[in-house]
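Input: a single structure, listed below in structure tokens.
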Amino acid sequence: TIMIDGTGMCGGCRVSVGGKIKFVCVDGPDFDGHQVDWANMMTRMKSFKDEEEKHKCRLGM
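Count along the sequence shown from 1, then add 391; that gives the number in my numbering.
If you want it as structure tokens, here you go:
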């Protein structure tokens with residue numbers, strides 16, 4: 392996941408592990424992969440995909 396501030400305050404790295412919310416920057420980054428809600432995490436990671444694509448030119452991509 393993305394990590395922005397490293398304190399858990401922004402929630403950018405939030406992930407559900409075993410039905411509980413965890414923050415990768417504070418509680419992780421190692422989790423039991425069988426307990427991670429991968430579908431939810433992938434949905435969250437794709438939420439800004441369109442905006443990211445539009446700004447690739449600014450990065451020289």
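The beta carbon of each residue, even a glycine, is placed where N, CA and C say it ideally should be.
Keep in mind the model is a prediction, meaning the values are calculated, not measured.
{"query": "Return the CA-CA distance between Met436 and Val427, expressed in angstroms with no decimal places.", "result": "14 Å"}
{"query": "Determine the DSSP secondary structure at Lys447, reduced to helix, strand or coil.", "result": "helix"}
{"query": "Which residue's Cα is closest to the Cα of Lys411: Cys401, Cys448 and Asn431?", "result": "Asn431"}
{"query": "With respect to the beta strand (DSSP E) encompassing Val408, which residues constitute its N-terminal and C-terminal limits?", "result": "Arg405 to Val408"}
{"query": "Tell me whether Lys440 sits in a helix, a strand or coil according to DSSP, three-state version.", "result": "helix"}
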